[in-house]
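Numbering (our numbering), first residue to last: 1 to 816.
Okay, structure first, notes after.
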RNA sequence: GCGGGCGUGGCGGAAUGGCAGACGCGCUGGACUUAGGAUCCAGUGGGGAAACCCGUGGGAGUUCAAAUCUCCCCGCCCGCACCA
């Protein structure tokens, strides 16, 4: 018997599969389709073990579905635009294209070494004109429909990346850049946006997708829908009004102050002369605040009085107007009504400023006299609210809301935290935004027939913090497509999240230059059945791609609402020391080395065995030895005659017993594959292998039951370890690929044994067990259990207080 | 603070309310070997000579029976964080 030479086997079969075109994926209307998609990598240069953890189990799932009779599409590509390439260019003088393409070449090689069933003919590289042309085309379609627009706005800017960012790309209360962790700053800039807010309500509807609760919750929180009332406050003694938004209009009788955000335009207008210097000092302090680190979460809620008063719309009372930075100009109307008794923040502020705190909502079971804790923010019953007193909160909202609407120019409105998607990037290595600025015609979109607007190669990369396109005369200066006069091109490029919002459509026909994707292919393959990837994309990529699909639907390109039906988030592989892997820590595990040392099949097997897929965990350089040994045992079991093997503690199985075990294993492994429980699937296959070892040298060895068992073992292992199983499959005389074979189906009639072990408990503790025929009734089981010597000894002549018998499982005798 | 997840041997992890610790790593002893970081056999939660007792973060509860269900507490991880 030859040794298990994984190197020879893996390279042999990778080459053979390639030559046979085994993984070519074509439309076949005779078979049901299954579009399996895993997030495409950024070509950083090296495939990380984390990429393997994302892709190898995805590949096993794709292979499993293929064996189950589905026509599977499982493509791969590269998310190739982005900053690292440009930074490499600035630092080392390599052109971003050269750097990126070289990295892609290396990563393609690394990906091939995994032995995945990617159809490389469908590969997508997002930085080539044949791809980004369609980014530009989508931009133009959106522009036509008012979904892409330009506006001057205070936007987030990362000083290290030298570019603006979308709101989603600013992380945490510290407001750090998602890429580089640098604190972002606000800048007023004229920028391009996609009107994702137009789809806010639809994006909140998750009824058509089977996604993890966590992701849906994160998206829902991000969208942040809240319903309430907007109305005007009149400023006493002036014509000025300011508008506020509240979700608790039922508490309006509890207003004891109003607050304007420091940036609110009315602050200057209403501030009394004697308060001016204090207010301006506060505004200055607040404007610095965003630049100073805002680390202290428990900041005091402070503010200053403007000297002006608003008129309460229902009571007509004077309401002092304050300026305070806990009110944000960027949310709602930038002004609020202060109800300290029923809002935590207003409460803190009122306490600090010495303002009254009148209660206008009481707990539902309030007795009318005793005090209750303030602030009271739960629903309850309105009190001290004039004609609206004694109403439950919901009812009070409706009645008071309508009254305010009438008296104070109000309306019911919905506010969202979701902002429009800022797509302008002041960087070179991205898709040029297809817009020109004409002196006469203003903003003019590039005509579709002129696409793509090519990103020029001969740009100069200088660490100036400005886009090289700004200084590229030939790119910059152009003629207006409308009037033919002199014009300048837009020099901003698109956010790379635009690329990844629709790449899974481009896989269908990556080289078509007349349409973004082939409608015939689309009709068959779409939508994606199973998407897998990291949860870090929950509110960026995964929100953007849903938005894109809804736009594409409205453009008539597709006839469904959601891009991916099911989503699964794999866990994260940590370094051996339990920390995150990073080059600086020097704890990175290199898949190339592992493949060299143990083979791709062993790496795949171990990654799927080490933990539940959604959990991840620390890599173990020892643990992989277990996977290596397992494959080696399978090899010796099938390829040769293993000697003297097997646990001798009990009698080995008869043929019928082996047949039963085979089919029980098939049933268990099939169930596990259906739920991505690769770790327990592999454990079952290990147990099965161990049992087969025990049968070596017995009459069952070589019998039909044995041959069936070995074939089924290989079939079930094939999606996990595709090379070794293919080799052994052929050694066993099969002439076609194991990956074209059908997944074994459990023979239900073979699953049941004649007898079953019944556990006997006394007072809930296991004391004995016995074999009983499977169909014995509960009464009979109880009788059999009571007759056992151990049970008799404990009972010692007494009658049991109770006997619980569960057929097929257990008998519990309760005594004493 | 709010929302979600998780706490099981020395380690990774298994367990439709029904035998806790499957499977693997590691470890101990043995066989075979010139050799073993190969392979095979036996053992391996803790205590105890044994019968048996104790054990799934801690405490209470429901149940004939709880890692699993309920409540309270502790710890860790992730997300959001002045969103009116």
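Heads up, the beta-carbon is just placed ideally off N, CA and C, and yes, glycines get one too.
inquiry  = residue 64 and residue 789 - do their beta-carbons sit closer together than 8 Å?
reply    = no
task = Note down, in chain order, each residue of its chain lying with its Cβ closer than 7 Å to the Cβ of residue 615, except the 5 sequence neighbours on either side.
result = 571
Local conformation of residue 293 per DSSP, three classes = Low local confidence applies: a pLDDT of 43 at residue 293 is under 50, so the model's placement there is unreliable, and no value is given.
inquiry  = As a quick exercise: from 784, 756, 760, pick the residue whose alpha carbon is nearest that of residue 775.
reply    = 756
Residue 613, DSSP secondary structure in three states = coil
ask   = What does DSSP give as the partner residues of residue 632 in its beta bridges?
value = Paired residues: none, contrary to the question.
Distance CB(residue 574)-CB(residue 618) smaller than 8 Å = yes
ask   = Got a sec, what are the start and stop residues for the beta strand (DSSP E) residue 18 sits in?
value = Careful: residue 18 lies outside any beta strand (DSSP E), inside the alpha helix (DSSP H) at 6–20.
message = If the criterion is Cβ atoms closer than 8 Å, does the pair residue 554 and residue 135 meet it?
response = no
inquiry  = If contacts are defined as beta-carbon pairs under 8 Å, then residue 384 and residue 359 qualify, I think. What distance do you get, rounded to the angstrom?
reply    = 7 Å
Nearest-angstrom Cα separation, counted from residue 60 out to residue 20 = 20 Å
inquiry  = At the level of alpha carbons, what is the spacing between residue 372 and residue 366?
reply    = 8 Å
message = Please report the straight-line C-alpha distance between residue 164 and residue 91, rounded to a whole angstrom.
response = 21 Å
query = Contact check, residue 342 vs residue 375 under 8 Å by CB: the rounded distance?
reply = 6 Å
message = Helix, strand or coil for residue 653? Go by DSSP, reduced to three states.
response = coil
task = Indicate the three-state DSSP secondary structure (helix, strand or coil) for residue 265 in the structure shown.
result = coil
Start and end residues, alpha helix (DSSP H) containing residue 548 = 541–554
message = For residue 125 and residue 361, I'd like the C-alpha separation in whole angstroms.
response = 59 Å
Residue 313 classed as buried or exposed, judged by whether at least 16 other C-beta atoms fall within 10 angstroms = buried
task = Compute the beta-carbon to beta-carbon distance between residue 45 and residue 87, rounded to the nearest angstrom, for a pair I have assumed lies under 8 Å.
result = The Cβ separation is near 13 Å, so there is no contact.
message = Using a 10 Å radius around the Cβ and a threshold of 16 neighbouring Cβ atoms, would you call residue 726 buried or exposed?
response = buried
ask   = Sorted by chain position, which residues of the same chain lie with C-beta nearer than 7 Å to residue 278's C-beta, five sequence neighbours on each side aside?
value = 304
query = Could you give the distance in angstroms between the alpha-carbon of residue 539 and the alpha-carbon of residue 209?
reply = 16 Å
Simplified DSSP state of residue 33, which is helix, strand or coil = strand
request  = Name the residue from 129, 634, 237, 353 whose alpha carbon lies nearest to the alpha carbon of residue 685.
outcome  = 634
query = Can you tell me where the beta strand (DSSP E) with residue 567 in it begins and where it stops?
reply = 564–569
Residues bridged to residue 192 (per DSSP) = 150
message = Per DSSP, what are the beta-bridge partners of residue 425 in this structure?
response = 493
task = Kindly give me the distance between the Cβ atoms of residue 852 and residue 22, rounded to whole angstroms, as I take these residues to be in contact under 8 Å.
result = Because the chain spans 1 through 816 in this model, residue 852 falls outside it and cannot be assessed.
query = Rounded to the nearest angstrom, how far is the Cβ of residue 434 from that of residue 140, given a contact under 8 Å?
reply = 6 Å
Helix, strand or coil at residue 305 according to DSSP, with G and I counted as helix = strand
key: Same chain, Cβ closer than 7 Å to residue 84, five either side skipped, listed in chain order   = 44
key: Nearest-angstrom Cα separation, counted from residue 568 out to residue 214   = 11 Å
query = Where does residue 477 sit, in a helix, a strand or coil, going by DSSP?
reply = strand
task = Please name the residue in 199, 700, 26 whose C-alpha comes closest to that of residue 546.
result = 199
ask   = Which class does residue 686 belong to by DSSP, given the choice of helix, strand or coil?
value = helix
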